[in-house]
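Chemist: Can you read through this structure? Questions will come right after.
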Amino acid sequence: MSLLCLNSPAEAREWCAGERRAGRSLGFVATMGAMHRAHVALVEQAARENDSVVVSVFVNPLQFNDPRDLENYPRDWEGDCQQVEQAGGSLLFTGTLATFFPAEFDAEGGLKPGYLLDPGVGAMGLEGEFRPGHFAGVATIVDRLFQTTMPSRAYFGLKDYQQCLVVQDLARARGNPEVVLCPIVREQDGLALSSRNQRLTPAWREAAPAISQALLALREQWRAGERRVNKLESTLAASLSVSPLEVEYAAVRDPEQWSAGPLKGSLEQAVALVAARAGDVRLIDNLLLDSAGGGSS
Ligand code: AMP
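To convert, take the position in the sequence shown, counting from 1, and add 1031; that gives our numbering.
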């Protein structure tokens, strides 16, 4: 089946409503485009588990706390269309802030004050701290995308760990859709795929796998029995300190009990999370330290 491409959220809403009326289950993948293998994996999984797959591409200004990052964010609509079609997508759509939020858009080109949603507990600390306002922007657009597509299932990648928490909370509060969390897709040397990676210089590209290597080394400590939060965090920080990357945070949290700062004492389950800058490119990654934890591979 060939891919339908629309640049109108209103038309996308109509198309999705038609699918639901026809009794077809709908899988949804939200992206900012410049797609790579990880996006393709989400679309393929959605295609295996649903009758139709709808994919959005929107570089959402509401979630960029850094205007240079928004300006430099890669865009590739033609490439996105090809990849989504090959992966089994049915509809690819995009829009603008004005067309996603026709009633809430203001004359200054933003949203009326007070419209941004509260992203909840998952937004506390780490990404929430280093990117003020980011998760309110994420929650607001994801909510609008869910209203537009009303999917049966929505697929998100565990690479954006706190985003998964925020989206799960949102879906739980709305009562739908089912949120499916998908494993991190990596390069052979361990670097987590990201649209931003194409902006790495060769030297920074060479340095970047230090993040996943540090996370894997930490998992060895966990497997050897280390459970103390302060020890785990200091090991992670120490292994990253030898790399040329500029670390923003290197943290360990309980995935079942999200907290802004580290919990005291020991953990029974843990996720390690890192954000670091390679030149002007910001990289994030994480790893569930329990091998039985699944998901984040
Ligand atoms: P983005 O276009 O960066 O907003 O990402 C769209 C979706 O793809 C989000 O659910 C991301 O978490 C997911 N994603 C991006 N990179 C990866 C990756 N390397 N592994 C797994 N999921 C990813």
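Glycine included, every Cβ here is placed at the ideal spot set by N, Cα and C.
I'd like the list of long-range same chain contacts for A1309, defined as Cβ closer than 7 Å, with 5 residues on each side in sequence excluded.
Modeler: The residues are L1231, W1235, A1238, A1239 and L1276.
Chemist: Report the three-state DSSP secondary structure of D1316 (helix, strand or coil).
Modeler: Correct three-state label for D1316: strand.
Chemist: Could you pull out every residue in the same chain whose Cβ sits closer than 6 Å to the Cβ of E1050, ignoring the five residues on either side in sequence?
Modeler: Only L1057 and S1083 meet the Cβ criterion.
Chemist: Quick check: what's the CA-CA separation for L1035 versus A1268?
Modeler: Approximately 47 Å, taken between the alpha carbons.
Chemist: Short of 8 Å in beta carbon distance, which residues of its chain neighbour V1336, apart from the five on each side in sequence? Order them along the chain.
Modeler: Nothing can be reported for residue 1336, as the shown portion of the chain is limited to 1032 through 1328.
Chemist: Quick check: L1249 and V1198, are their CB atoms within less than 9 Å of each other?
Modeler: Cβ atoms of L1249 and V1198: not closer than 9 Å.
Chemist: From S1327 to L1263, what distance separates their C-alpha atoms?
Modeler: Here S1327 scores only 42 on pLDDT, less than 50, and its place in the model is too uncertain to base an answer on.
Chemist: Counting pairs of beta carbons, one from the region 1116 to 1124 and one from the region 1058 to 1077, are three or more of them closer than 8 Å?
Modeler: Yes, the region 1116 to 1124 touches the region 1058 to 1077.
Chemist: For A1138, does the count of other Cβ atoms within 10 angstroms reach 16, so buried, or fall short, so exposed?
Modeler: Burial call: exposed.
Chemist: Starting from V1211 and walking both ways along the alpha helix (DSSP H), at which residues does that stretch end?
Modeler: First-last for V1211: E1209 to C1213, but that is the beta strand (DSSP E), not the alpha helix (DSSP H).
Chemist: Kindly list the residues whose CB is nearer than 6 Å to the CB of Q1094, restricted to its own chain and excluding five residues on each side of it in sequence; keep chain order.
Modeler: Around Q1094: H1165, G1168 and V1169.
Chemist: Alpha carbons only, please: which of A1129, Q1193 and M1066 is nearest the one belonging to M1155?
Modeler: That would be Q1193, whose Cα lies nearest to the Cα of M1155.
Chemist: According to DSSP, simplified to helix, strand and coil, what is L1035?
Modeler: It is a strand residue.
Chemist: Assign A1185 to one of two classes, buried (16 or more other C-beta atoms within 10 Å of its C-beta) or exposed (fewer than that).
Modeler: Buried, by the Cβ-count rule.
Chemist: With a threshold of 8 Å (Cβ to nearest heavy atom), would A1078 be considered close to ligand 1?
Modeler: Because no heavy atom of ligand 1 lies under 8 Å away, the Cβ of A1078 does not count as near it: no.
Chemist: Okay, do the region 1207 to 1217 and the region 1068 to 1086 touch, 3+ Cβ pairs below 8 Å being the bar?
Modeler: These segments touch.
Chemist: Helix or strand or just coil, what does DSSP make of E1279?
Modeler: Three-state DSSP puts E1279 in a strand.
Chemist: DSSP three-state label for T1127, please.
Modeler: Coil.
Chemist: In angstroms with no decimal places, state the Cα-to-Cα distance between D1220 and P1182.
Modeler: Taking the straight line from one Cα to the other gives about 35 Å.
Chemist: Considering only C-alpha positions, which residue in the set L1318, S1225 and E1218 is nearest to W1253?
Modeler: For the residues L1318, S1225 and E1218, the minimum Cα distance to W1253 belongs to L1318.
Chemist: How about F1131 and F1089: are their beta carbons less than 9 Å apart?
Modeler: Yes, these two residues count as a Cβ contact at 9 Å.
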